[in-house]
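All remarks here apply to the structure that follows.
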Amino acid sequence: MRFLPTEAEVKLLRQYERDRKPLEALSDEDRFMMQFSRIERLNQRMSIMTFMGNFTDNVQMLTPQLHAMIAASVSIKSSQKLKKILEIILALGNYMNSSKRGAVYGFKLQSLDLLLETKSTDRKQTLLHYIANVVREKYPSKCLFYNELHYVDKAAAVSLENVLCDVKELQRGMELTWREFSVQHNALLKDFISRHEARLSKDAFEDVVKFFGESSKTMPPSVFFPIFVRFIKAYRVSEQENEQRRRQEQMLLEKQETLLPQSPSQRGKRQQQELFTELRRRQVKDSCHVYEGKDGAIEDIITEREIHYRERDRHYITQRERERDITSQREREIH
1 MRFLPTEAEV KLLRQYERDR KPLEALSDED RFMMQFSRIE RLNQRMSIMT
51 FMGNFTDNVQ MLTPQLHAMI AASVSIKSSQ KLKKILEIIL ALGNYMNSSK
101 RGAVYGFKLQ SLDLLLETKS TDRKQTLLHY IANVVREKYP SKCLFYNELH
151 YVDKAAAVSL ENVLCDVKEL QRGMELTWRE FSVQHNALLK DFISRHEARL
201 SKDAFEDVVK FFGESSKTMP PSVFFPIFVR FIKAYRVSEQ ENEQRRRQEQ
251 MLLEKQETLL PQSPSQRGKR QQQELFTELR RRQVKDSCHV YEGKDGAIED
301 IITEREIHYR ERDRHYITQR ERERDITSQR EREIH
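Below, the structure is given as structure tokens:
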């Protein structure tokens, strides 16, 4: 484009022609420029030729990023297993919060990060561990929900601002091509437009962001997709840790069974039953942890559950004190 004659040069060349001066007196370069200057809309046509020539390379550079974003957006929006996982989280949050506030119908996606911050009173498990257990026991078909989410890692690395800037350049080139085609119905231009215009109209990301009640202005891909990347990673780690804990508990049961006396006496049977009862009680206790978290940790639905347990403990203590008072009174009456 830098070799095209400028407007000033075009004026000089046309003035030279009007003066009927001999073209042979011009240099080869000037005669070449003279031929160029006679082409109508030279700059527009050269811009279009450059755009069409570079279009394939530019699209190939953008295509992996666009495909990753489109595939990730579509898979997240269409995943039925992911929807079920989010439903379980919402239901659990409403259950834990039932005595504080009324039921809510959704939560912000950023709240998924807070599932790791809400921990049991012994600080050994998080709320995500409990959710992974619930899914494994009650909804085993949903355990591998993350296998339905494609290219989320790659989409998380996409800079939407840079991609949109490059896409806008392509859009401007397409608009220039359209204007030239409207002036001159060239078959080559028509074929180019029909084959490539649709490639610039991908809107999948905005659709999936709206689907989750968010705004693409406040939640770009660099924020949206990493939420799912972190959630999937944390969920899989929780699954692995849960499985490791189950294996350890099973090993403990087997070890305790080998230590039990093999005597068929009633005393031995009673001891064995007491041991199994204690182990079951510990397992139930582990699976019913009290979870503590920041107030409003899951966007006003998952809050401190400790209050319910304190109320239950107060009721238990009061009842125990009342029974002790009755026993003391009876003893005084006997004496």
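Residue numbers (UniProt numbering): 1 to 335. Every residue, glycine too, gets a C-beta built ideally from N, C-alpha and C. Only a predicted model underlies this, so the values are computations on that prediction, with no experimental measurement involved.
| query | result |
| --- | --- |
| To which residues of the same chain is A234 closer than 8 Å at the C-beta, ignoring the five residues directly before and after it? | L115, L116, L128 |
| Go through the region 44 to 91 residue by residue and report every complete run of the alpha helix (DSSP H) that reaches 4 residues or more, in order. | none |
| Run through DSSP, which three-state label would S120 get? | strand |
| Taking its Cβ as the centre, do 16 or more other Cβ atoms sit within 10 Å of Y130, making it buried, or is it exposed? | buried |
| If you draw a straight line from the C-alpha of L66 to the C-alpha of Y146, how long is it? | 21 Å |
| Give me the Cα-Cα distance between Q21 and E9, rounded to the nearest whole angstrom. | It should be noted that the sequence gives Lys, not Gln, for residue 21. Each residue's Cα considered, the two are about 16 Å apart. |
| L82 and L149 look like a contact to me (Cβ under 8 Å); what is the Cβ gap, rounded to whole Å? | 7 Å |
| In the DSSP output, which residue or residues are listed as bridge partners for T126? | K119 |
| Can you list, in chain order, the residues of its chain whose CB lies under 7 Å from that of A68, leaving out five sequence neighbours each side? | Y151, K154, A155, V158 |
| Going straight from the alpha carbon of S78 to that of M33, what length do you get? | 58 Å |
| Give a yes or no on whether the C-beta atoms belonging to I227 and L86 are separated by under 8 Å. | no |
| Pick helix, strand or coil for N147, following the three-state DSSP scheme. | helix |
| Would you mind sorting R14 into buried or exposed? The rule is 16 or more other CB atoms within 10 Å of its CB. | exposed |
| Using the beta-carbon count (16 or more within 10 Å), is F211 buried or exposed? | exposed |
| Distance, Cα to Cα, L164 vs L144? | 33 Å |
| In the DSSP assignment, find the alpha helix (DSSP H) that holds F205 and state where it starts and stops. | 204 to 211 |
| For Q125, count neighbouring Cβ atoms within 10 angstroms of its own Cβ and tell me buried if that reaches 16, exposed if not. | buried |
| Have a look at L112, V229, E254, N242 and flag the residue whose alpha-carbon is nearest the alpha-carbon of N133. | N242 |
| Let me know the secondary structure DSSP gives K21 once reduced to three states. | coil |
| So for I301, helix, strand or coil by DSSP? | At I301 the pLDDT is 46, less than 50, meaning the model places this residue with poor confidence; the figure from the coordinates comes in the next sentence. Residue state, collapsed to three classes: coil. |
| So, with DSSP's three-state summary, where would you put K108? | coil |
| Could you give the distance in angstroms between the alpha-carbon of V229 and the alpha-carbon of R179? | 43 Å |
| Compute the Euclidean distance between the alpha carbons of E292 and M96, then round it to the nearest angstrom. | Any reading at E292 is ruled out, since the residue's pLDDT is 48, under 50, leaving its predicted position unreliable. |
| Taking Cβ to Cβ, would you say D166 is nearer than 8 Å to S73? | no |
| Alpha helix (DSSP H) containing residue 359: first to last residue? | Coverage of the chain is limited to positions 1 through 335, which leaves residue 359 absent and any answer about it impossible. |
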